[in-house]
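>
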Amino acid sequence: MRQKTKKPLKVTYELFNRVGSGDFEYIYRGMFTQNLTRKILSLAESSLQRFVDKGSLQNRIYFIMVEGLQNVTRHQEDAGDMSNDHAGIFAIQKTGDRYLITTGNTIVNSKVESLKERLEKVNNLDRDELKKLHREILSTGELSEKGGAGLGLIEMARRSGNRLSFDFEYIDLYWSYFYLQTEIPSRSYENSAVEELEESKSMRDIKNLNRMLSKRDILLNFNGNFNQNNILSLLSIIKGQMSVSRAAKKVYYIMVEMLQNISKHGSNYQETSEGNSGIFYLGQTDEEFILTSGNYIANKDVKGLEERLEIINALDNNELNEYFNKILLDQNVIDPKKTGLGFVDMRLKCNRKVAYDFKKVNDEYSFFTLQTSIQTK
Amino acid sequence: MSIHFSLYRQVYKQNKLILMEPLIIKATEDTPEIRFDPEQEIFEISNVSLPENAIEFYAPILDWLKRYKSNPNPKTVFNFDLEYLNTASSKQVFELVFLIDKINENSDVTVRWHYDAIDEDMYSLGVRFTHLVKVKFELVEYEKGDMDDEDDDF
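From first to last, the protein sequence lines stand for chains A and B. Each residue of the first sequence is one higher than the one before, starting from 646 at the first, in the working numbering. Each residue of the second sequence is one higher than the one before, starting from 6 at the first, in the working numbering.
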């Protein structure tokens, strides 16, 4: 008697699994504004710091991240439209000893050609030529009309020591979607044909993911490691993104529970990283906000969790309130963890049942998806 | 400082009891600010409470209150002015309220539970607590709106 295991739940694992299976990945999709950039960056930074030692490599990655984020922010602010159609995307992935930083944003069709030309120009120059061009632009002060994006591209190419991959996707008469991917090898500057092939695959994956998220009216999506630090960044992103309202307040409360659930109860599938890998996304329709989380859990824990969810979903409002009070008053319950209090609270706040799904991934782990929603009005 | 408090303090001194040290904990991004200061007659918990480990955070606060319980001021007003709290914190905050309920036996205690007008869940939690304890419990609504824009400039 699983509650409402609708199709959208099944898709969570697909979204989560969409992008390769590198050493780590971090994908943020949503709004980019000056105020949010710092938080988005700090989300990325915390993953980065655990994988890359301090030093020139970390500096290079950091530089390219900042440059990429600022590009997306500038373009999004230009678009002047903060709707889902113009959501930007930012991703870092590591596969083997290569780091891939991908950004995506909408761009006015009329600017596509000149940007393409600039990118091709940068790509056709070798390191010395890039350096020369860089110096020339600095000394003549000749900047592109896009607030120095030309210089930014040159710097990105120089610091990565690689070609910039890019793609434009036509959206409608007015807009295209622009993807830019920079590869940073951790050891040498050498390219090989094989690597280039993989690179385009990663680009394709991110494009697919972006399209899927766009179709589902997702306001914010985060794939990555969930730890308290990242959770606080995500929360402040959402706080900056939503206007103050009754529903926004509830979204925040429920997000806290969902994100901390992943960080506290999820299984550390990859063992290598701090925090548990998972996915969280927030969608919006005319009537409601839909919150979905997904994370690994050990197969041996599935039964207990499923039972708790079933019991709690079967309770009516009075019973939920009684349950809540009972746990508050129970002096034997020091830690309400695993009492189901979080789910009870979620049900009361959302005034609906929670939906969930378990998908067995292998002999040890399952993927647990949890979904609830909040009425906009 | 009120007159009765000065007297009270003198009594304390005569009995060679030491007035309790205030408990001041600065707010962090995920833990609240605590200001429990018997001398100033301030008992306040504010900001947000979203720690991963709520038990650990609240343990010293509960300890302090237990000690305060044995020698409370004649009158104590606790202000709960929280913007957000996670479920794990709500259990711990209830532990505080439960203990405050006991302090009420030795002191004239009032709890003021502040909540944002748009925050029906903070209101509900306050209402829930009123049903579970006997202490005077006031629900205080405020309208905050958009005022707390943080200095999040890049």
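Glycine residues also receive a C-beta, built at the ideal position from the N, C-alpha and C atoms. Model, not experiment: these values are computed from the prediction.
When you compare the segment 672-688 of chain A with the segment 717-724 of chain A, are there three or more beta-carbon pairs, one atom per stretch, that lie closer than 8 Å?
Flag = yes, the segment 672-688 of chain A and the segment 717-724 of chain A touch.
> List in chain order: all unbroken alpha helix (DSSP H) runs of 4+ residues lying wholly within the segment 60-125 of chain B.
Correct list: 92-108.
> On a CA-only basis, which of A:Met857, A:Asp961, A:Leu825, A:Phe813 is nearest A:Arg992? Give me that one, please.
By 1-based counting over the first sequence, the position of residue 992 of chain A is 347. Here the closest residue by C-alpha is A:Asp961.
> Going along the segment 82-102 of chain B in order, which residues come within less than 8 Å of chain A, judged by CB to CB distance?
Residues passing the 8 Å Cβ filter: Tyr89, Asn91, Thr92, Ala93, Ser95, Lys96, Phe99.
> Mind checking whether A:Ser912 and A:Ala892 have CB atoms under 9 Å apart?
Counting from 1 along the first sequence, the entry for residue 912 of chain A is found at position 267. Counting from 1 along the first sequence, the entry for residue 892 of chain A is found at position 247. No; because the gap between Cβ atoms is not below 9 Å, this pair is not in contact.
> Please find out if some non-hydrogen atom of the ligand GDP comes closer than 8 Å to the beta-carbon of A:Leu960.
Absence of the ligand GDP is noted for the structure shown, with no ligands found whatsoever.
> Using a beta-carbon distance cut-off of less than 8 Å, what residues from the segment 57-81 of chain B approach chain A?
Answer in chain order: Glu57, Ile60.
> Does the distance from the C-beta atom of A:Gly869 to that of A:Gly923 stay below 9 Å?
Within the first sequence, residue 869 of chain A is the residue found at index 224, counting from 1. Within the first sequence, residue 923 of chain A is the residue found at index 278, counting from 1. Taking 9 Å as the Cβ cut-off, A:Gly869 and A:Gly923 qualify as a contacting pair.
> Within 10 Å of its beta-carbon, does B:Ile108 have 16 or more other beta-carbons around it, so buried, or fewer, so exposed?
In the second sequence, the residue the question calls residue 108 of chain B occupies position 103. The residue in question, B:Ile108, is buried, as its Cβ has 16 or more Cβ neighbours within 10 Å.
> Using a C-beta to C-beta distance shorter than 9 Å, which residues of chain B count as neighbours of A:Leu974?
Translated into the one-based positions of the first sequence, residue 974 of chain A becomes position 329. Going along chain B in sequence order, the residues near A:Leu974 (Cβ under 9 Å) are Phe99, Phe103, Leu137.
> Is the number of C-beta pairs between the segment 804-821 of chain A and the segment 761-771 of chain A that are closer than 8 Å three or more?
The segment 804-821 of chain A, when compared against the segment 761-771 of chain A, does touch it at the 8 Å Cβ threshold.
> Against chain C, does A:Ile782 count as a neighbour if the rule is that its beta carbon must be under 9 Å from one of theirs?
Structure shown: chain C not included; protein chains present are A and B.
> So which residues on chain B does A:Arg891 lean against when the C-beta distance must stay under 7 Å?
Working through the first sequence from its first residue, we reach residue 891 of chain A at position 246. Residues of chain B passing the Cβ test: Ile123, Glu125.
> Pull up the CB-CB distance for B:Pro27 and B:Glu44, whole angstroms please, since I reckon it's below 8 Å.
Taking the first residue of the second sequence as position 1, residue 27 of chain B is located at position 22. Taking the first residue of the second sequence as position 1, residue 44 of chain B is located at position 39. Yes, B:Pro27 and B:Glu44 are in contact; Cβ-Cβ is about 7 Å, under 8 Å.
> Taking Cβ-Cβ distances below 8 Å as the criterion, which residues of the segment 890-910 of chain A are in contact with chain B?
Answer in chain order: Ser890, Arg891, Lys894, Lys895, Tyr897, Tyr898, Val901, Glu902, Gln905, Ser908, Lys909.
> Alpha carbon to alpha carbon, how far is A:Asn958 from A:Tyr1010? Give it in angstroms, no decimals.
As a working mapping, residue 1010 of chain A is identified with position 365 in the first sequence. As a working mapping, residue 958 of chain A is identified with position 313 in the first sequence. For A:Tyr1010 and A:Asn958, the distance between alpha carbons rounds to 24 Å.
> Tell me which residue opens and which closes the beta strand (DSSP E) that A:Ser631 is part of.
With chain A covering 646 to 1022 only, the question about residue 631 of chain A has no answer from this structure.
> To the nearest whole angstrom, what separates the beta carbons of B:Val102 and B:Val138, a pair I think is in contact under 8 Å?
By one-based count along the second sequence, residue 102 of chain B stands at place 97. By one-based count along the second sequence, residue 138 of chain B stands at place 133. Yes, they are in contact, since the Cβ atoms of B:Val102 and B:Val138 sit about 6 Å apart, within 8 Å.
> Can you give me the start and stop residues for the alpha helix (DSSP H) that A:Glu964 sits inside?
For the purposes of this step, residue 964 of chain A is taken as the residue at position 319 of the first sequence. Element bounds for A:Glu964: 962-974.
> Which residues in the same chain as B:Val53 place their Cβ atom closer than 6 Å to its Cβ, once the five residues preceding and following it in sequence are excluded?
Taking the first residue of the second sequence as position 1, residue 53 of chain B is located at position 48. Excluding residues within five positions, the ones whose Cβ falls inside 6 Å are Glu88, Tyr89.
> Shorter than 9 Å from the beta carbon of B:Ser129 to some beta carbon of chain A?
The sequence position of residue 129 of chain B within the second sequence is 124, counting from 1. Yes, because at least one Cβ of chain A sits closer than 9 Å to the Cβ of B:Ser129.
> Report, in whole angstroms, the separation of the C-beta atoms of A:Asn754 and A:Tyr819, which I expect to be a contact under 8 Å.
Position 109 of the first sequence holds residue 754 of chain A. Position 174 of the first sequence holds residue 819 of chain A. 6 Å between Cβ atoms; contact.
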